[in-house]
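In what follows, a structure is listed as structure tokens, so that the remarks can point back to it.
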Amino acid sequence: MEWYVLLLISAFIFGVSEIFKKKVLYHEHTLQFMSSYYLMMFVFLLVLLPKVNFHLMPIEWFIIVLKSSLLAIAAYMIFKLLRHYDISEILPLKNLSPVFLLVLGYLILNEHPSAINIAGIVLLIAGTYVLEADHKISDLKEPLKVLSDKKLVFLLTYLIFISFCAVIDKIAVRTIDVYSYYFLQMMFLSTIFLALKSRAKGGLSDIKQAFRKDWPGIIVASLLVVLSDLLYLSAISLPATLIVLAIPIRRLSTFISAFIGGELFHEKGLKMKLIACSIMIAGAWLVVL
């Protein structure tokens, strides 16, 4: 199967999973959900245990621990945003990550953006600006308020960390098989969030409560993300796949989550948000041309 087909399937599955996450986050606190969510993902991955290679080089263990730590921070930021803001507003903002990947490519790999790439960046920024407008064209001054909003800090932290995670993914799968890399990563992630939850208010008993109240949503979201992530890692493990092209394709998941999720949760200004999302995806494609 072609790498872009794997990524398109991954994007669709991931977009559906975001809707289930938002539904659960209506009832659960961020850390409470993340602890149960990553624990469930790790449980699903136990079927891969016979295929996992634990005899890795020290540098490979370091890469996995580093990726897990960065992803833990990035995931907390995006789940925090997802809990407090509209799904059709927050998830399309993830389309800005190709901009950060371009910067990393320039600094680390000495890659130089073309005029088309720069045009893509402009479209991404324009789409983000429209997305932040309050539902209609006459409110285009509204996005300036984000500069004094903590949402900006959460978003930038997520975008920077998740971009580093994508680069690490591409480096890691060159020498570590996909199953081992993903299993060990989820093992560390679930451990991190269980440890954090054990010291937070409510402790581990909150996880039992989360499963008691929202077990269908947690299980479905976890299973969908496991499937999506394995398809994504399988795609980027192919030598011909460029990470700066893979990520924008996977970001097509925002169409699914913004449209279906926006309709499902009866969010306001959905038409404006979908227009913004379309502009941003067009920009993401230009970024990687």
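Letter by letter, the sequence shown follows residues 1285 to 1573 of our numbering. We put the CB at the ideal spot given by N, CA and C, even for glycine.
Exposed unless 16 or more other CB atoms sit within 10 angstroms - verdict on residue i
i, result
"A1356", "buried"
"A1450", "buried"
"P1532", "buried"
"P1342", "exposed"
"E1286", "exposed"
"V1414", "buried"
"Y1288", "exposed"
"A1524", "exposed"
"S1381", "buried"
"S1586", "Look at the range of the chain in this structure, 1285 to 1573, and you will see that residue 1586 is not part of it."
Residues near residue i in its chain [Cβ-Cβ closer than 7 Å; skip 5 each side]
i, result
"D1461", "N1337"
"L1511", "I1297"
"Y1463", "L1332, K1335 and V1336"
"I1293", "L1515"
"A1410", "I1563"
"Y1442", "A1358, M1361 and I1362"
"T1459", "E1344"
"K1454", "I1520 and I1527"
"R1367", "L1309 and T1314"
"A1484", "L1315"
"F1384", "L1443, I1444 and S1447"
"L1428", "Unreliable positioning characterises L1428 in this predicted model, as indicated by a pLDDT of 48, which lies under 50. The coordinate reading is nonetheless provided below. If we look at L1428 and ignore the five residues flanking it on each side, it has no Cβ neighbours."
DSSP-derived helix/strand/coil call for residue i
i, result
"G1487", "coil"
"S1294", "helix"
"M1361", "helix"
"V1387", "helix"
"F1472", "helix"
"N1394", "coil"
"M1341", "coil"
"M1324", "helix"
"L1573", "coil"
Beta-carbon proximity list for residue i, same chain, < 8 Å, skipping 5 on both sides
i, result
"F1495", "S1320 and I1502"
"L1290", "L1515, Y1516, S1518 and A1519"
"L1388", "S1447, F1448 and V1451"
"L1522", "W1287"
Cβ shell of residue i (< 6 Å), same chain only, five flanking positions each side left out
i, result
"F1445", "L1354, I1357 and A1358"
"M1325", "M1470, S1506 and V1510"
"F1467", "L1329, L1332 and V1336"
Test: residue i CB closer than 8 Å to a CB of chain B
i, result
"T1441", "No chain B appears in the structure shown, which is made up of a single protein chain."
* Asked: Looking at C-beta atoms only, is the number of pairs between the stretch 1495–1512 and the stretch 1301–1321 that lie closer than 8 Å three or more?
  -> yes
* To do: Count the C-beta pairs between the stretch 1467–1475 and the stretch 1342–1362 that are closer than 8 Å, then say yes if the count reaches three, no if not.
  => yes
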